[in-house]
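Asker: One structure follows; several queries about it will come next.
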Amino acid sequence: MRPNRTLGLVDRLGLARYTVLLTAIGVGASSAICALTYWLIGFDPMSTPISLVLPVLCPLLIIPPMVVRGTKAAMKLREQQDYIAAQNDALERSLIEKERIISLVGHDLRGHLNLVMGFAQLISRQADGIPTERLVDYANEIHQAGKKTNEVLTDLLNWSRARRGQLTAGQQSSPFAEVLTDVIEDLESDAARKEISIKIFSPIPEDAVDPVVSASALRNILSNAIKFSHPGDEIDIEIQRNDDEIRVRITDNGIGMNQEQLARLRGGQLVSSTEGTSGEAGTGLGLAICRDVIEAQGGRLEIESTLGRGTTVTMTLPSQG
Numbered sequence: 478m479r480p481n482r483t484l485g486l487v488d489r490l491g492l493a494r495y496t497v498l499l500t501a502i503g504v505g506a507s508s509a510i511c512a513l514t515y516w517l518i519g520f521d522p523m524s525t526p527i528s529l530v531l532p533v534l535c536p537l538l539i540i541p542p543m544v545v546r547g548t549k550a551a552m553k554l555r556e557q558q559d560y561i562a563a564q565n566d567a568l569e570r571s572l573i574e575k576e577r578i579i580s581l582v583g584h585d586l587r588g589h590l591n592l593v594m595g596f597a598q599l600i601s602r603q604a605d606g607i608p609t610e611r612l613v614d615y616a617n618e619i620h621q622a623g624k625k626t627n628e629v630l631t632d633l634l635n636w637s638r639a640r641r642g643q644l645t646a647g648q649q650s651s652p653f654a655e656v657l658t659d660v661i662e663d664l665e666s667d668a669a670r671k672e673i674s675i676k677i678f679s680p681i682p683e684d685a686v687d688p689v690v691s692a693s694a695l696r697n698i699l700s701n702a703i704k705f706s707h708p709g710d711e712i713d714i715e716i717q718r719n720d721d722e723i724r725v726r727i728t729d730n731g732i733g734m735n736q737e738q739l740a741r742l743r744g745g746q747l748v749s750s751t752e753g754t755s756g757e758a759g760t761g762l763g764l765a766i767c768r769d770v771i772e773a774q775g776g777r778l779e780i781e782s783t784l785g786r787g788t789t790v791t792m793t794l795p796s797q798g
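In short: position in the sequence shown from 1, add 477, done, that's the numbering used here.
This is the structure in structure tokens:
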């Protein structure tokens, strides 16, 4: 019997019943062979009573231990094969995910660098004929592109450290109000271009938080909210302090997500990048990065969304007092 069929039969019957079945077959076969042999040689088994016991006794003593050892060895081998197959599948998914991340991030960074190189080339070729105020605008554009590039790289480094368990909490400390204010100010120009207002509906606690993780999470969540909100919309921020936690609820009325996208995000998977309401590009990594870095710090990320009606992202951060 082939190993796969044998293990399939063991799965259906159980090891004990399978052993009994093989033992019964062995006893029957042994008894039949002995009976045929005795008949052919003209032997009278009644003259030697032990000749009646041996055909039954030998299979009973030999078959069960052999079956149990062999089956357990086969089952262990199958477990190892299943483990190796699972590891191979996980490795393959990891490689596909990394290739996708490299592609997405490379595309995003190339866009920022193209902007920097374009303005730099324009200034180098026409510096004498460009008005000072225009040069200032170009410099601001270059600065913003460089800043966004740095943010992407910082997020990726923190994400990598979080996945390796090396992103520890409490290394730095800043007032949450200061972190939130800085993030909103950084995104003010993006919101202004779409005439989107960001409103805070509760007092901001003065508790200290890890500024790196908090700023990264807030920036990604608010950037997504701006990206997927319609021009003229409003983004609402509600903040609660519970025990040793700060709970931040960010709600937009944008395009929302379908159930498949929501399920992938909740399952820790990446989602395909979607253009914003004004054609904004992105990597599709923002919420995945947020989830991992927040959870690495002992926090939580919850996402609720309805297609066509908007998204609410709630982040819970541990307070440092």
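Glycine included, each C-beta is placed from N, C-alpha and C at the ideal position.
#1: Quick check on this structure: which residue in Leu490, Thr788, Ile766 has the alpha carbon closest to the alpha carbon of valine 629?
#2: Does tryptophan 636 pass the burial test, meaning 16 or more other C-beta atoms within 10 Å, or should it be called exposed?
#3: Going along the chain, which unbroken runs of the alpha helix (DSSP H) with 4 or more residues stay wholly within the region 508 to 554?
#4: Just to confirm before moving on: does the CB-CB distance between asparagine 735 and leucine 784 stay below 7 Å?
#5: Can you list, in chain order, the residues of its chain with a C-beta nearer than 7 Å to that of proline 536? Leave out the 5 residues immediately preceding and following it.
#6: Please tell me whether proline 680 and phenylalanine 653 are closer than 7 Å, where the distance is taken between their beta carbons.
#7: Are the CB atoms of leucine 484 and alanine 551 nearer to each other than 7 Å?
#8: Please report the straight-line C-alpha distance between isoleucine 677 and alanine 616, rounded to a whole angstrom.
#9: Please name the residue in Ile661, Asn701, Ser651, Asp710 whose C-alpha comes closest to that of proline 688.
#10: Please report the residue range of the alpha helix (DSSP H) in which glycine 763 lies.
#11: Are there three or more Cβ pairs, one per stretch, closer than 8 Å when the region 597 to 604 is compared with the region 722 to 733?
#12: CB threonine 793 to CB aspartate 729, shorter than 7 Å?
#13: Do the CB positions of serine 693 and valine 770 come within less than 7 Å of each other?
#14: Give me, in chain order, the residues of the same chain whose beta-carbon lies closer than 8 Å to that of isoleucine 698; leave out the 5 immediate sequence neighbours on both sides.
#15: Note the first and the last residue of the continuous beta strand (DSSP E) segment covering threonine 754.
#16: Taking the continuous beta strand (DSSP E) assigned at asparagine 719, which residues delimit it?
#17: Since glutamate 672 sits in a beta bridge, which residues does DSSP pair it with?
#18: Return the chain-ordered list of same chain residues with a C-beta closer than 8 Å to the C-beta of isoleucine 673, the five sequence neighbours on each side being excluded.
#19: By how many angstroms is the C-alpha of proline 795 removed from the C-alpha of glycine 775?
#20: Relative to the C-alpha of tyrosine 495, which residue among Ala597, Lys549, Ile780 is closest?
#21: Are the CB atoms of proline 532 and cysteine 511 within a distance shorter than 7 Å?
#22: Output the distance between the C-alpha atoms of aspartate 632 and glycine 491, rounded to the nearest integer angstrom.
#23: Suppose contacts are defined by Cβ-Cβ distances below 7 Å. Is alanine 639 in contact with alanine 740 by that definition?
#24: Put proline 688 into one of helix, strand or coil per three-state DSSP.
#25: Closest to lysine 671 by CA distance: which of Ser755, Val660, Leu612 is it?
Answerer: In short:
#1: It is Ile766 whose Cα lies nearest to the Cα of valine 629.
#2: Buried.
#3: Qualifying alpha helix (DSSP H) stretches: none in this window.
#4: With contacts defined by Cβ atoms closer than 7 Å, asparagine 735 and leucine 784 form a contacting pair.
#5: Within the same chain, proline 536 has close Cβ partners Thr500, Gly503, Val504, Ser507.
#6: No, the pair does not count as a contact, with Cβ atoms beyond the cut-off.
#7: Yes; because the gap between Cβ atoms is below 7 Å, this pair is in contact.
#8: Their backbone Cα atoms lie some 31 Å apart in a straight line.
#9: Across the set Ile661, Asn701, Ser651, Asp710, the C-alpha of Ser651 shows the shortest separation from the C-alpha of proline 688.
#10: Glycine 763 -> alpha helix (DSSP H) spans 763 to 773.
#11: Here the region 597 to 604 makes no contact with the region 722 to 733; the two share fewer than three CB pairs at distances below 8 Å.
#12: Contact: no.
#13: For the pair serine 693 and valine 770, the CB atoms are nearer than the 7 Å cut-off.
#14: Non-local C-beta neighbours of isoleucine 698 in its own chain, meaning closer than 8 Å and more than five positions away in sequence, comprise Ile727, Gly763, Leu764, Cys767, Val790, Met792, ordered along the chain.
#15: Careful: threonine 754 lies outside any beta strand (DSSP E) and carries neither H nor E.
#16: Counting along the chain, the beta strand (DSSP E) containing asparagine 719 begins and ends at 711 to 719.
#17: In DSSP, glutamate 672 forms no bridge with anything.
#18: If we look at isoleucine 673 and ignore the five residues flanking it on each side, its Cβ neighbours are Ile703, Ser706, Pro708, Gly709, Asp710, Glu711, Ile712.
#19: Computed Cα separation, rounded: 7 Å.
#20: Nearest Cα to tyrosine 495 within the set Ala597, Lys549, Ile780: Lys549.
#21: Taking the C-beta atoms as reference points, proline 532 is found nearer than 7 Å to cysteine 511.
#22: Cα atoms of aspartate 632 and glycine 491: separation of roughly 51 Å, rounded to the nearest angstrom.
#23: Going by C-beta atoms, alanine 639 is not nearer than 7 Å to alanine 740.
#24: Proline 688: helix per DSSP, three-state reduction.
#25: Comparing Cα positions, the closest option is Ser755.
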